[in-house]
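Accompanying notes for the structure given below.
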Amino acid sequence: MDLACPDHTWLRSIESWLTPPDIGERVDLHEYQAKELMRAAGVPIPPGKIARTADEAEAIAREYGVAVMVKAQVHAGGRGKAGGVKFCKTPADAREKAQAILGMDIKGLTVEKVLVTEAADIASEAYVGIIVDRATKKAVFMVSAAGGIDIEEVAATTPEKILYLPVDPRYGLMSFEALRMGFFLYSDAKLARAAAKIMQQLYTAFINAGCSLAEINPLVVTPDNELIAVDGKMVIDDNELDRRPAIAALRDESSEAPSEVDARNANLTFIKLDGDVGCIVNGAGLAMATMDLVKFYGGDPANFLDIGGSSNPEKVVNALRIITADPNVKCILFNIFGGITRTDDVANGIVTATQQNPLKVPIVIRLTGTNEEIAMKILTENGFSASSDMDEAVQRAVKLAKGEAA
Amino acid sequence: MSIFIDNSTTLIVQGITGRDGSFHTRQMIEYGTKVVGGVTPGKGGQKFDDTVPIFDTMHAAVAATGANTSVIYVPPPFAADAIMEAAAAGIKLIVCITEGVPVLDMTRVYPFVKEHGARLLGPNCPGLITPGQSKVGIIPGRICTPGNVGIVSRSGTLTYEIVHQLTRAGIGQSSCVGIGGDPINGTNFIDCLAAFEADPHTRAIAMMGEIGGTDEQEAAQFIKDHMKKPVVGFIAGQTAPPGRRMGHAGAIISGSSGTAAEKIEAFKAAGMGVAQRPVDFVDLIGARLA
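In the order they appear, the protein sequences are chains A and B.
Following my numbering, the numbering of the first sequence begins with 5 at its first residue and continues without gaps.
Following my numbering, the numbering of the second sequence begins with 4 at its first residue and continues without gaps.
Rendered as structure tokens:
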């Protein structure tokens, strides 16, 4: 296929990776972790070490004996613009800058560690990224000689400066493809070949780690005409973790919201919001539609919580524990449509959970589908009422959350 | 009439002896689906519930039964291989229910399935049902009733909700298809819309999308350009918070924010009806059948 892509139409749908249903289905690695994986695949990366204190930062800078960069390690873009990335000429300077960055808040995340890495002299900056693309159903390389922090602007205004190259997964990245990207970036044959080698190494790292994204930005040409990767980013497909324990161990739970970590460990997808109707739903689509309906009837959802398919009573117990831990929740709304989820499992979970921890707020239960009759029997025998109509249940929950009679 | 499955569908269940596989096999048989065999390696020669023959491989299952369709309930690490095994054995419609298939596996599976001339539905989907004839997957049979409305959806349980509401209002369905929510799936909205357009029995289509991606916008364009039958759409996630961004690559590759508002605009521009709540489908579809 022709690789020029002036209007992006065949690539756009990757956006779905960016939206709530996919949160919890990906693992962001820190820069230093991504760099270790890339380095293991052979990508040339300047030496660097992690510091948790200013003392450690100074010691690392002294060990390297050259100017260093001190870089905040948090899962947020725009670290540089937020003041989380600093150039330091001396070890004392590194100490001072690390002191300022550690503990800093970047987009709601507290910086707990910094990467101290040898600073590079920069002659030019290029961008290299690989992402799994919905439209072509392949991993796609994107490279541009106009790298650096303004690459998104380049894509928007001068798309011809970006080369898109889908990789056929059965053959992997072929040498001629890698070299084509090398020459797209550099007219100097030595640099083009070096870049082609880095493309192969990055692709290897991408596949081996089970990535949905791997990025080098910038890929730098030094004044000595050498290529080095100055910044690296990787996002792992959550579904890869079971077969890659070494990658799973890289997940940094301290950088995520505790309630979301708790939910994930219980195999639930949970996103906390600001409202007061605690929603427990099976399936992402129905969960979103339930939140929409809460809003439609004048309420505010307290969360997105998907208990998923194949549910067992334990999942429901965990879901209730997580929801009731939020003091904002004034009413709990269950909306379960049983397919692979058996509604009797959910009913048993509700009974068990509320026996262990009696509820302090009202609960509205709507369930229908697989084993509905058994579920209704379990609930009524234990003093709960349940309805099978979604609109009715949502309206009731909204009223109860407002303290009105329903 | 219907799309993709009907009473000529003969089905093999891959993973027939697992918890989900066995439960839903019984449900499918009870619904009237012709389940002609199952596969669980190591259990070949046995019978499931004393009736359905079990085979060790798809190759043996297809050779013995001549089945044309398979449904997959195997765990995620084995799902990609199960899909390719079905395609290689000559199955023409492969429905993968399994959730959690690594997306890089799917980059290899997709071209393999295409080259074998098969259609894949899913993964991470509820399957499909042609009311009164056959069901393949996990859509609860009793919420459906035969009729003239085609249903296509990215979601599972949201589909059940809307089908349930239509049935309760006396509006039957020709076929209901859940395409699944994974980044790489075998069958998309446009494939289903084209099939419904060609199905003489389908008179209107209900389509349920979600925020994220541009599949719904592309479907809207297809509807505008190629469809005569009326389509009513719904987007879940109108109140969802903005998602986290995925580095520069996400921003570069996307020319769209994938919001509900943007998708609803695309629906309106294509002349489609737009349901604000699931229950709104009843009136909007009802009016188009009148």
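For each residue, glycine too, the CB sits at the ideal point set by N, CA and C.
| query | Is any beta-carbon of chain B found at less than 9 Å from that of A:Ser263? | reply | no
| Minimum Cβ-Cβ distance from A:Leu177 to chain B less than 9 Å | no
| query | For A:Phe300, which residues in chain B fall below 9 Å Cβ to Cβ? | reply | Gln241, Thr242, Gln279, Arg280
| query | Which residues does DSSP pair with B:Gly212 in a beta bridge? | reply | B:Ile238
| request: Could you tell me whether the segment 151-161 of chain A touches the segment 207-218 of chain A, using the rule of 3 or more Cβ pairs below 8 Å? | output: no
| Boundaries of the alpha helix (DSSP H) in which A:Asn307 is found, first to last residue | Segment 307-310 is the beta strand (DSSP E) holding A:Asn307; no alpha helix (DSSP H) there.
| said: With the cut-off set at 9 Å, would you say A:Pro317 and A:Asn352 are in Cβ contact? | reply: yes
| query | Three-state secondary structure (DSSP) at A:Ile49? | reply | coil
| Per DSSP, cross-strand counterpart(s) of A:Asn339 | A:Val285, A:Arg370
| Mind checking B:Met275: buried by the 16 CB within 10 Å criterion, or exposed? | buried
| message | Distance check for A:Ala45 and A:Ala209, CA to CA, integer angstroms please. | response | 6 Å
| query | Which class does A:Lys230 belong to by DSSP, given the choice of helix, strand or coil? | reply | One detail in the question is off: residue 230 of chain A reads as Glu in this sequence, not Lys. Correct three-state label for A:Glu230: coil.
| field | Residue-chain proximity (A:Lys334, chain B), Cβ-Cβ < 9 Å | value | no
| query | In the structure shown, what three-state DSSP assignment does A:Asp154 receive? | reply | coil
| task | Evaluate A:Pro70 with the Cβ neighbour count: other Cβ atoms within 10 Å of its Cβ, from every protein chain shown; 16 or more gives buried, anything less gives exposed. | result | Note on residue identity: the sequence assigns Val, not Pro, to residue 70 of chain A. With fewer than 16 other Cβ atoms within 10 Å, it is exposed.
| query | Counting contacts by CB-CB distance shorter than 9 Å, is B:Phe237 in contact with chain A? | reply | yes
| task | State buried or exposed for B:Lys231, treating a residue as buried only when at least 16 other CB atoms are found within 10 Å of its CB. | result | exposed
| field | Exposure of B:Gly250, with buried meaning 16 or more beta-carbon neighbours within 10 Å | value | The predicted position of B:Gly250 is uncertain, since its pLDDT is 49 and thus under 50; a value taken from the coordinates is nonetheless stated next. It is buried - the Cβ of B:Gly250 has at least 16 other Cβ atoms within 10 Å.
| message | Against chain B, which members of the segment 331-357 of chain A pass a CB distance test of less than 9 Å? | response | Asn339, Ile340, Phe341, Gly342, Gly343, Ile344, Thr345, Arg346
| request: Below 9 Å between beta carbons is the criterion; list the residues of the segment 152-163 of chain B that meet it against any residue of chain A, in chain order. | output: Ser156, Arg157, Ser158, Gly159, Thr160, Leu161, Thr162, Tyr163
| query | Terminal residues of the continuous alpha helix (DSSP H) containing A:Gly353? | reply | 347-360
| query | Apart from the five residues on each side of it in sequence, which residues of its chain come closer than 8 Å, Cβ to Cβ, to B:Gly47? | reply | Ile57, Phe58, Asp59, Thr60, Ala63
| field | Neighbour list for A:Ser216 in chain B, Cβ cutoff strictly below 7 Å | value | Val106
| request: List the residues of chain A whose Cβ lies closer than 7 Å to the Cβ of B:Arg111, in chain order. | output: Pro173, Arg174
| field | C-alpha distance - A:Ser20 paired with A:Ala96, whole-angstrom precision | value | Unreliable positioning characterises A:Ser20 in this predicted model, as indicated by a pLDDT of 30, which lies under 50. The coordinate reading is nonetheless provided below. Going by the C-alpha atoms only, they are around 45 Å apart.
| How would you list, in chain order, the residues of chain A whose beta-carbon sits under 8 Å from the beta-carbon of B:Pro134? | Going along chain A, no residue has its Cβ under 8 Å from B:Pro134, so there is no contact; the nearest lies around 15 Å.
| query | If contact means a Cβ-Cβ distance below 7 Å, which residues of the segment 194-209 of chain B contact chain A? | reply | none
| request: Could you please give the first and the last residue of the uninterrupted alpha helix (DSSP H) stretch that includes B:Cys195? | output: 192-201
| task | Have a look at A:Leu195, A:Ala410, A:Met146, A:Gly289 and flag the residue whose alpha-carbon is nearest the alpha-carbon of B:Thr160. | result | A:Gly289
| message | Just to make sure I have the definition right: I need the residues of chain B whose C-beta is within less than 8 Å of the C-beta of A:Glu244. Which are they? | response | Pro105, Leu107
| query | Enumerated in chain order, which unbroken segments of the alpha helix (DSSP H) with a length of 4 residues or greater are wholly contained in the segment 114-156 of chain A? | reply | none
| task | Within the same chain, show all residues whose beta-carbon is closer than 8 Å to that of B:Lys50, passing over the 5 residues directly before and after it, in chain order. | result | Pro56, Ile57
| query | For B:Asp286, does the three-state DSSP call read helix, strand or coil? | reply | helix
| Which chain B residues sit within Cβ distance under 7 Å of A:Asp280? | Residues of chain B passing the Cβ test: none, with the nearest at roughly 14 Å.
| Which runs of the beta strand (DSSP E) spanning at least 3 residues fall entirely within the segment 50-101 of chain B, listed in chain order? | 55-58, 72-75, 96-99
| said: I want to verify the contact list: residues of chain A whose CB lies under 9 Å from the CB of B:Gly41, in sequence order. | reply: Here the premise fails: no neighbours, minimum Cβ distance about 18 Å.
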